[in-house]
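For reference, the structure discussed in these notes is given below.
Protein chains: 2
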Amino acid sequence: MTPQRYKITVSYDGTDYAGWQLQPNHVTVQQQLETAIRNISGETTKVHGSGRTDQGVHARKQVAHFDLHKTPAPQSLKKGLNALLPGNIRIIKAEKKDPSFHARKSTTSKEYRYFIWNAEIMPPFLRKYRTHVTNPLDIASMNRAASYLVGKYDFAAFSANPNRVVQSTVRSLKDLKIRKKGNEIVIIAAADGFLYKMVRSLAGFLIRVGDGSIPPTETSTILSSATRTARVPTAPPEGLFLWNVVY
Amino acid sequence: MTPQRYKITVSYDGTDYAGWQLQPNHVTVQQQLETAIRNISGETTKVHGSGRTDQGVHARKQVAHFDLHKTPAPQSLKKGLNALLPGNIRIIKAEKKDPSFHARKSTTSKEYRYFIWNAEIMPPFLRKYRTHVTNPLDIASMNRAASYLVGKYDFAAFSANPNRVVQSTVRSLKDLKIRKKGNEIVIIAAADGFLYKMVRSLAGFLIRVGDGSIPPTETSTILSSATRTARVPTAPPEGLFLWNVVY
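Protein chains in written order, with this note's numbering: chain A, 15 to 261; chain B, 15 to 261.
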């Protein structure tokens with residue numbers, strides 16, 4: 015019998031995890047989910063995420079799928095999993111899906127948000143969820159630089175060397191904008207897909223533009239070089255949230 | 015020579031502390047401050063808080079004073095202490111004060127805020143800063159009950175047995191109101207001073223009023239009994255913030 019496919023929407027605080035993806039000798043979000051599903055259903059199943067998130071990166075809405083031979087009601091599955099999972103991972107939605115649904119392959123776009131606390135002092139309650147930048151950042155410059163990056167480009171200059179074969183470093187960046195409210199700055203990035211450490215590289219670059227280290231007019235030169243250099247630092251993980259996955 | 019008195023305004027995440035007050039074999043906020051001050055000034059000094067906060071309770075603005083024979087500029091002292099303190103404690107202000115200033119005795123009023131997340135699922139990022147209540151709470155009932163409590167009363171029914179002699183259990187509760195925005199409920203309490211676990215007792219009681227367990231009209235009976243009973247539970251510490259101290 016064909017097993018039932020389930021889609022889950024998951025929120026997690028990445029602080030205490032070695033990222034999403036299963037790896038030996040480290041606790042990961044995928045591992046916690048697979049353990050909870052096994053404990054609740056008695057079935058060993060692989061949880062497929064929409065993509066991996068790195069160590070310390072958070073998710074407001076990550077999406078994953080898995081298959082079960084038992085067919086619990088989604089609402090019961092959600093409640094049961096939340097009862098077993100630690101408080102830093104919550105299932106916010108569970109749905110039955112056709113077997114053609116695939117959390118990674120069916121994605122049409124993803125949104126990440128990178129949060130910066132731009133003030134002298136970091137409030138203790140935000141320290142794990144915001145990146146602290148003390149130099150005042152110029153939002154207009156950051157938005158000007160961002161405007162050169164929206165479109166379909168080779169983003170190799172804004173990706174870390176992943177030590178793995180990537181078929182293409184071309185991505186369609188649909189939206190990249192910077193908003194400020196009080197001391198909080200958020201970089202909103204939407205694309206059909208992101209390269210390894212791409213959002214943190216974009217954030218690292220935009221912070222350097224915002225503090226005046228790089229003029230926004232140099233953005234196109236850096237982009238078209240298609241080469242990662244020290245001018246594009248990787249911003250720290252704590253400010254990054256996988257915000258939404260669209261199908 | 016008379017030492018210089020300093021007033022500091024301190025924000026802390028109480029999650030990993032056994033409260034404010036120094037105690038053997040436990041890490042406390044007072045201890046972290048005294049250690050940092052000793053390391054920066056070479057002087058051993060006692061830090062006097064406006065009052066203690068319990069294990070797991072947070073402070074947006076706690077106030078404390080201490081004396082030093084060296085007289086560093088407040089701005090340097092603040093920067094130096096923040097460089098030495100862990101990120102879960104931040105000095106947000108430092109000031110020189112006349113020796114007559116006393117962080118506890120000079121207080122004219124204090125404000126606490128108790129935060130509740132009233133929804134089925136607790137967002138992972140708020141779990142250490144909000145108390146999770148799944149039953150829908152009725153704000154109008156809670157505000158009606160609160161209206162009976164504002165004034166100068168014996169609050170013995172809303173205080174834990176402190177195992178210590180308290181001269182009086184009479185306090186002037188200046189304000190007690192409940193606000194709701196989305197899934198977040200906040201109980202705002204201001205008084206000339208609070209008894210041991212008074213805010214968490216008021217919160218525990220108001221939650222029971224909000225979920226319909228206790229009619230608001232019984233508030234005066236409970237208050238005038240001046241006896242703590244099981245009808246007034248102590249709400250958990252993670253939702254509680256020392257919000258402001260007024261001089």
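C-beta atoms are modelled at their ideal positions from N, C-alpha and C, and glycine is treated no differently.
Note that the coordinates shown come from a computational prediction; the quantities given were computed from them, not determined experimentally.
Min CB distance residue i to chain B below 8 Å
i: Asp68/A; result: no
i: Arg104/A; result: yes
i: His116/A; result: no
i: His72/A; result: yes
Cutoff 6 Å; reference residue i; Cβ partners in own chain excluding five residues on either side
i: Arg222/B; result: Ile228
i: Lys107/B; result: Thr23
i: Val260/B; result: Thr122, Ser123
i: Ala170/B; result: Thr183, Ala240
i: Val71/A; result: Gly28, Pro251, Leu254
i: Lys92/B; result: Ile105, Ala108
As assigned by DSSP and simplified to three states, the class of residue i
i: Gln89/B; result: helix
i: Glu252/B; result: helix
i: Gln46/B; result: helix
i: Arg66/A; result: coil
i: Arg185/A; result: strand
i: Asp206/A; result: coil
i: Arg242/A; result: coil
i: Ser25/A; result: strand
i: Ile153/B; result: helix
i: Ala78/A; result: strand
i: Asn39/A; result: coil
i: Ser161/A; result: helix
i: Gly213/B; result: Per the sequence shown, residue 213/B should be read as Val rather than Gly. If DSSP states are grouped into helix, strand and coil, Val213/B belongs with the helices.
i: Ser120/A; result: coil
i: Asn53/A; result: helix
i: Thr16/A; result: coil
i: Ile228/A; result: coil
i: Ile135/A; result: coil
i: Thr145/A; result: strand
Local Cβ density within 10 Å of residue i, reported as buried at 16 or more and exposed below that
i: Ser215/B; result: buried
i: Ser155/B; result: buried
i: Thr42/A; result: buried
i: Gln44/A; result: buried
i: Tyr20/A; result: buried
i: Ala87/B; result: exposed
i: Pro230/B; result: buried
i: Met136/B; result: buried
i: Met15/A; result: exposed
i: Ala249/A; result: buried
i: Arg104/B; result: buried
i: Asn102/A; result: buried
i: Arg193/B; result: exposed
i: Asp112/B; result: exposed
i: Gln89/B; result: exposed
i: Gln37/B; result: exposed
i: Asp68/B; result: buried
i: Ser161/A; result: exposed
i: His40/B; result: exposed
i: Ser238/A; result: exposed
i: Gln181/B; result: exposed
i: Thr235/B; result: exposed
Beta-carbon neighbours of residue i, restricted to chain B and to distances below 7 Å
i: Ser25/A; result: Pro137, Pro138
Own chain, CB closer than 8 Å to residue i, minus 5 neighbours either side, in chain order
i: Phe208/B; result: Gly65, Lys124, Tyr126, Arg185
i: Phe139/A; result: none
i: Leu82/B; result: Pro17, Gln18, Tyr20, Ile51, Ser55, Glu57, Thr59
i: Gly165/B; result: Ser186, Leu187
i: Asn53/A; result: Leu98
Contacting residues, own chain, Cβ-Cβ under 7 Å from residue i (five flanking each side not counted)
i: Asn197/A; result: Trp131, Asn132, Ala133
i: Asn149/B; result: Asp225
i: Arg158/A; result: Pro230
i: Val213/A; result: Tyr126, Tyr128, Ala203, Leu254
Contact list for residue i against chain A, beta-carbon separation under 9 Å
i: Gly94/B; result: Residues of chain A passing the Cβ test: none, with the nearest at roughly 13 Å.
Interface partners of residue i on chain A, CB under 8 Å
i: Gly101/B; result: Met136, Pro138, Arg141
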